Structure formats: structure tokens, C-alpha cells
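Working notes, structure below.
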Amino acid sequence: MGKVIVMKHPLIQHKIGWIRRTTTGSRDFRGIVSEIAMLMCYEATRELELEEIEIETPICKTKAKELKGKKLAVVPILRAGLGMVEGMLTMIPAAKVGHIGLYRDPETLEPVEYYCKLPEDCAEREVFVVDPMLATGGSAVAAIRMLKDKGVKNIHFMCVIAAPEGVKAMEEAHPDVDIYIGGLDERLNDHGYIVPGLGDAGDRIFGTQ
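Per the numbering used here, residue 1 is the first one in the sequence shown, and the count goes up by one each step.
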């Protein structure tokens with residue numbers, strides 16, 4: 001069974017407070033989202049397995065630790081998820097990056113795929129799906145379903161802000177996926193925005209509001 005982990009780290013909470021503010025412009029918003037992703041990545045990779053290897057230092061041979069088994073991949077949900085990639089790669093620079101693009105059908109309100117490009121060996125990798133916001137959960141649920149359809153088995157989801165409705169949708173659709181959350185907010189409003197939230201993350205990252 002997957003876990004739901006709400007990050008309590010003081011630096012993460014401090015930085016989330018800054019991106020919530022209407023006075024934070026796109027440049028600072030972008031940079032802080034990247035920093036939050038880096039800090040969340042540090043926490044979310046805490047349980048990765050290690051193995052012992054022999055290395056040679058300038059002084060002598062010794063034992064050292066390195067990541068064991070599956071390699072990692074970061075898959076942002078376009079477009080806002082792009083804002084978290086750089087921070088993730090700062091922590092795990094050897095990770096490969098895939099991209100999933102979804103839009104909401106205006107009539108059915110269901111997510112529709114318009115782009116999917118993944119590393120060739122994605123099915124053998126530990127995959128972190130990233131999106132700053134988990135609101136209704138529709139896009140995250142659909143993106144993870146797409147990954148599973150392509151044979152990916154080891155999937156984690158990471159978001160900066162989540163609404164309880166989105167968490168519930170994810171738990172029901174993908175009970176095997178760990179969910180890492182920077183801040184768990186109160187609810188969704190009538191327009192599907194997270195309250196208190198931070199507005200539209202994509203618009204604020206790219207300065208398009």
C-alpha cells in the first residue's frame with residue numbers, strides 16, 4: 001500500500017509561505033518552487049536502498065555506499081510540473097526525464113493525453129511524477145494510469161500543495177503509489193482551485209496570468 005506523507009520540514013513550510021503570496025513575482029516563484037522540489041526530493045528519497053561497494057580514496061581502499069538497483073526518472077505533468085524538474089535533478093542528476101501532457105476536455109471534464117515522451121527504459125526505473133498542485137486529482141490519476149499502461153511499476157507522486165479531494169482520488173485510483181505533499185490545504189472551491197492555495201501554478205511559474 002502507498003503512503004501519504006505531508007512534509008513538515010521547516011524550510012519547506014517557510015518556502016511554501018512565500019509562493020502563496022500574491023506579491024511573489026514569477027522569477028522568485030519559479031526559483032522557490034525549484035528549491036521546494038529539491039527539499040522534497042531529499043525527503044522522498046529517504047528510503048531508497050543502498051549497497052556497499054569497494055572504492056579507492058587518495059589514501060587507501062575502503063567501503064562506500066551507493067544507490068542500489070533501479071535507476072530513477074522524473075516525469076513532470078505539463079506544463080506546471082516543469083517547474084519542479086530542475087530542483088529534482090539538482091539532487092539526482094543522473095535521473096532521466098520524461099514528459100506527460102494532459103488537457104481537460106471541456107465537455108466531459110476528463111483528462112485527455114496530448115503528449116507522452118518517456119525514457120526507453122522507464123519501466124525499469126523508479127519514477128517520480130511531479131506536479132505542483134494536486135487539486136481534483138484528475139491529471140495525476142490519468143498520468144499515473146498512462147505510466148502503468150506502459151509497464152511502469154515503481155511510481156511515486158510529488159506535489160507542493162494538495163487538496164483533500166485530490167488525495168482521496170489518488171488513493172482510490174492508485175492505492176499502491178506513495179504521495180509526497182508539501183502542504184495539505186483545506187478544500188477545493190467551486191472553480192476547482194485549492195483553498196487557500198496559491199492560484200494557478202503554471203501561470204505563476206511562466207508569468208502568463
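Just so it is clear, CB atoms sit at the ideal spot from N, CA and C, and this is done for glycine as well.
This one's a predicted model, so the numbers in the text were calculated from it and none came from an experiment.
Exercise. Going by beta carbon distance, what residues of the same chain come within less than 6 Å of Asp178, once the five residues before and after it are set aside?
Worked result: Gly2, Lys3 and His156
For this session: Find out if the Cβ-Cβ distance for the pair Ala163, Asp131 is shorter than 8 Å.
Result: no
Exercise. Among residues of its own chain, excluding the 5 on either side of Ile19, which ones have a beta-carbon nearer than 7 Å to its beta-carbon?
Worked result: Phe29, Ile32, Val33 and Leu198
Exercise. Residues bridged to Asn189 by DSSP?
Worked result: Its beta-bridge partners do not exist; DSSP assigns none.
Exercise. Do you know how far the Cα of Leu50 is from the Cα of Thr108?
Worked result: 45 Å
Problem set entry | Where Ala80 falls: helix, strand or coil (DSSP) | helix
Exercise. Around the C-beta of Leu11, are 16 or more other C-beta atoms found within 10 angstroms, so that it is buried, or is it exposed?
Worked result: exposed
For this session: Label Gly137 either buried or exposed according to how many other C-beta atoms from any shown protein chain fall within 10 Å of its C-beta, with 16 as the threshold for buried.
Result: buried
For this session: Following the continuous alpha helix (DSSP H) through Ala140, name the residue where it begins and the one where it ends.
Result: Gly138 to Asp149
Exercise. Is it right to say Pro175 is buried, meaning 16 or more other beta carbons lie within 10 angstroms of its own, or is it exposed?
Worked result: exposed
For this session: Have a look at Ala94 and Leu72 and give me their C-alpha separation to the nearest angstrom.
Result: 8 Å
Exercise. With contact counted as at least three CB pairs below 8 Å, one residue from each stretch, are the region 106-122 and the region 81-89 in contact?
Worked result: no
For this session: Just tell me which of Tyr114, Thr208, Arg187 and Glu113 has its CA closest to the CA of Met133.
Result: Arg187
Exercise. Cβ atoms of Val127 and Ala169: under 8 Å apart, would you say?
Worked result: no
Exercise. Nearest to Thr90 by CA position, among Glu35, Ile144, Glu120 and Glu54, is which residue?
Worked result: Glu35
Problem set entry | Where the beta strand (DSSP E) through Leu11 begins and ends | First-last for Leu11: Pro10 to Arg20, but that is the alpha helix (DSSP H), not the beta strand (DSSP E).
Problem set entry | Per-residue burial, Lys15 [other beta carbons within 10 Å of its own, 16 or more giving buried] | buried
Problem set entry | Cys60, buried or exposed, once every other Cβ within 10 Å from all chains shown has been counted against 16 | exposed
Exercise. To the nearest angstrom, how far is it from the Cα of Lys68 to the Cα of Ile53?
Worked result: 10 Å
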